[in-house]
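Single-structure report; data block below.
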Amino acid sequence: MSNLTQAIVFGGAGFIGTHLMTRMLASGRYNRIVSVDIGKPRAHIEGVEYVHHDVREPIDPKLGGGVPADIFNLAAVHVTPGHPDGDYYYTNVLGAVHVCRFAKDTGSRNIIFTSSISVYGPTETPLTEDATPVPVSAYGRSKLSAEAIHRLWQSEDPDRRLTIVRPAVIYGRYERGNFTRLSRLLERRAFIYPGRTDTIKSCGYVKDLVSSMLFMASRNDSLSIYNFCYEHRYTISQICSAFSQAAEYPKPTITIPVWLMNLAVLPFEVLQAVGVKTGINRDRIKKLWFSTNIVPKHLIASGFKFDYDLASSLVDWHRESSFKDFD
Numbered sequence: 063m064s065n066l067t068q069a070i071v072f073g074g075a076g077f078i079g080t081h082l083m084t085r086m087l088a089s090g091r092y093n094r095i096v097s098v099d100i101g102k103p104r105a106h107i108e109g110v111e112y113v114h115h116d117v118r119e120p121i122d123p124k125l126g127g128g129v130p131a132d133i134f135n136l137a138a139v140h141v142t143p144g145h146p147d148g149d150y151y152y153t154n155v156l157g158a159v160h161v162c163r164f165a166k167d168t169g170s171r172n173i174i175f176t177s178s179i180s181v182y183g184p185t186e187t188p189l190t191e192d193a194t195p196v197p198v199s200a201y202g203r204s205k206l207s208a209e210a211i212h213r214l215w216q217s218e219d220p221d222r223r224l225t226i227v228r229p230a231v232i233y234g235r236y237e238r239g240n241f242t243r244l245s246r247l248l249e250r251r252a253f254i255y256p257g258r259t260d261t262i263k264s265c266g267y268v269k270d271l272v273s274s275m276l277f278m279a280s281r282n283d284s285l286s287i288y289n290f291c292y293e294h295r296y297t298i299s300q301i302c303s304a305f306s307q308a309a310e311y312p313k314p315t316i317t318i319p320v321w322l323m324n325l326a327v328l329p330f331e332v333l334q335a336v337g338v339k340t341g342i343n344r345d346r347i348k349k350l351w352f353s354t355n356i357v358p359k360h361l362i363a364s365g366f367k368f369d370y371d372l373a374s375s376l377v378d379w380h381r382e383s384s385f386k387d388f389d
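Take the sequence shown: its letters are residues 63 to 389, numbered as in the working numbering.
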């Protein structure tokens, strides 16, 4: 990391950005922290400047006062399935171009970019950073393209520093995603295992993710690419058990063949087709059935120490929730 006193977080209003900026503000390292986003902040952080701007549009260097800054690029269309394929490229790739151009125009030499393990595609075989990315979704392909754009920016000047993190499923307060939905299903005793209970779902707690980003950037490597998830690859059954223990939910016991679950969701897809948003479809069932077996080899080799494991992180999240379990 540089010794600059200004940080600009593109996509800062979201889940990860909220935790990142909270941590940076508490550290006292930066005199100025700017969040650039088109969305409403998940939680408003006193002391952060919020700027409304779409990264799909060119970014005026004056946004950051025209001076260098540590840049965090978290901006993305990431919910998948959920968007036309073109949306992922339009935001994730064009956004990368504009952020890198902004960095060049302001003389900023440090970017931390959040990619995704989606660049690997689903896998039953453990994969490290040494594996060749084979994305199977528009989201994964757009993230891999965005990585290439950031790497091109870094290669143009030996003094530039680029940290690329490929997070697995990230969970925690303000998430409102996969783990939040799972907790609601478990609370209602409505979760059913799709086809099997041993699907591996590499995952990590948002507080550990933020710690890893700051840790890896502080190493000051010219280029650092690392996977982020727990070293232990948890199965969907172990994840459900950890939720049950943290919130005293009954453990799910029913497993239904995937073909039967695919039939069961067809009515929800019909509703979706006529404009009723349900969030239930065969693609989501498929995501639950396929493993994401990712290993954080580079992160562990670099000496990073996790503050949490799955069980303790869910207890922490549950304790911090204000309105509902795992909010």
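Even for Gly, the Cβ is constructed at its ideal location relative to N, Cα and C.
Remark: fewer than three beta-carbon pairs, one from each stretch, lie closer than 8 Å, so the segment 180 to 187 and the segment 239 to 255 are not flagged as touching. Of all alpha-carbon atoms in Ala308, Ser199, Ala252 and Ser273, the one lying nearest the alpha-carbon of Lys349 is that of Ser199. One Cα belongs to Lys367, the other to Gln334, and the distance between them is close to 43 Å. Here DSSP, grouped into helix, strand and coil, assigns Lys269 to helix.
In the displayed model, Asp345 falls within a helix according to three-state DSSP. Along the length of the segment 231 to 270, whole alpha helix (DSSP H) runs at least 4 residues long occupy 240 to 249, reported in chain order. For Asn282, the number of other beta carbons within 10 angstroms of its own is below 16, and it is reported as exposed. Taking C-beta atoms as the reference points, Phe164 and Glu209 fail to come closer than 9 Å. Residue pairing from DSSP places Glu111 in a beta bridge opposite Val96. For Ile70 against Val96, the beta-carbon gap comes to about 5 Å, under 8 Å, which counts as contact.
Taking a cut-off of 8 Å on C-beta distances, the segment 289 to 309 touches the segment 349 to 359, as three or more cross pairs fall below it.
Given a length threshold of 3 residues, each whole run of the beta strand (DSSP E) inside the segment 327 to 386 is given here in chain order: 354 to 356.
C-alpha of Thr80 to C-alpha of Ala105: approximately 7 Å in a straight line.
In the structure shown, Ala200 adopts helical secondary structure according to DSSP, grouped into three states. Looking at the backbone, the Cα of Asp167 and that of Tyr236 are separated by about 33 Å.
Following the DSSP letters along the chain, one finds Tyr288 inside the beta strand (DSSP E) bounded by residues Leu285 to Phe290. Residue state for Asn154 is assigned as helix, using DSSP reduced to three classes. For the 9 Å CB-CB criterion, Ala137 and Val113 do not form a contact. Excluding the 5 residues flanking it on each side, Asp221 has same chain C-beta neighbours closer than 7 Å at Arg171, in chain order. Excluding residues up to 5 positions away in sequence, His160 lie with their Cβ nearer than 8 Å to the Cβ of Glu119 in the same chain.
Counting the other CB atoms within 10 Å of its CB gives Ala363 a total below 16, which places it among the exposed residues.
In this structure, DSSP gives Pro123 a helical state, which the three-state scheme calls helix. Non-local beta-carbon contacts of Ser204 in its own chain, meaning distances under 6 Å to residues more than five positions away in sequence, involve Tyr150, Tyr151, Asn154 and Val155 in chain order.
Leaving aside the five residues that flank Lys339 on each side, none in its chain has a CB nearer than 8 Å to its CB. In this structure the segment 264 to 275 lies against the segment 368 to 379, because at least three pairs of beta carbons, one per stretch, are closer than 8 Å.
With contacts defined as CB atoms closer than 9 Å, Phe290 and Pro229 qualify as a contacting pair. Looking from the CA of Asn93, the closest CA among Arg213, Gln216 and Ala131 belongs to Ala131.
In the displayed model, Val139 falls within coil according to three-state DSSP, outside both helix and strand. Ranked by Cα distance from Pro146, the options Gln216, Tyr201 and Thr261 are led by Tyr201. In the DSSP assignment, Phe72 falls within the unbroken beta strand (DSSP E) covering Gln68 to Phe72. DSSP, read as helix, strand or coil, puts Thr80 in helix. Nearest to Leu125 by C-alpha distance, out of Gln68, Val181 and Thr84, is Gln68. Pairing His115 with Glu191, the inter-Cα distance amounts to about 33 Å.
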